[in-house]
Structure formats: structure tokens, C-alpha cells
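Numbering (our numbering), first residue to last: 1205 to 1276. Every residue, glycine too, gets a C-beta built ideally from N, C-alpha and C. Every value quoted in this text rests on a predicted model; they were computed, and no experiment measured them. Quick notes on the structure that follows.
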Amino acid sequence: MLAAPLMWLSGYLLEAAIRRGDAPTVKTGGKAVIGIAVAGATVIPRSGFPAALPIGYWTMRRARQLGGQDSG
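Here's what the structure looks like:
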């Protein structure tokens, strides 16, 4: 029951960063989504975690579109 509100909050903050054009934050959010997906799929292979991998990839591409390719 704890995971759903945290994921909702993370998505909300990531959407706010996209709207502001904050590329470093969006890139970090994309890395976090990929990390959560990899960790979750490793621990629970038959879960829905692998579905988050394309979302993380899309988020990181979005950060590049915002001008974040030079950021850490």
C-alpha cells in the first residue's frame, strides 16, 4: 500500500519538471524509473516491472529534447 502513493508522487513531480523544462531533473527521474524497473524485475520476474523500462527510456529521451544531453 505504500508503493502506489510514492509512484503517484514521483510521476507528479516528474510531470512538473517536464512542464518547467528542467532537463536534469527529468533525466534523473528517467534513471530512477529504469532503476526501479530493473530492481523490481530482478526480485519479482513475473511482475509488471519490465513494462516500466520503455517509460524510463522515453523519459530520458524527453530530457534530451529539453536540452539535457550535457547534464550529468
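Asked	Found
At least 3 beta-carbon pairs within less than 8 angstroms: the segment 1251–1259 vs the segment 1216–1226	no
Endpoints, the alpha helix (DSSP H) within which glycine 1225 is located	Taken as a continuous stretch (DSSP letters only), glycine 1225 belongs to no alpha helix (DSSP H), as it is neither H nor E.
Alpha-carbon spacing of methionine 1211 relative to valine 1237, whole angstroms	10 angstroms
Environment of alanine 1221 [buried if 16+ CB atoms lie within 10 Å]	buried
Where leucine 1270 sits in the DSSP three-state scheme	coil
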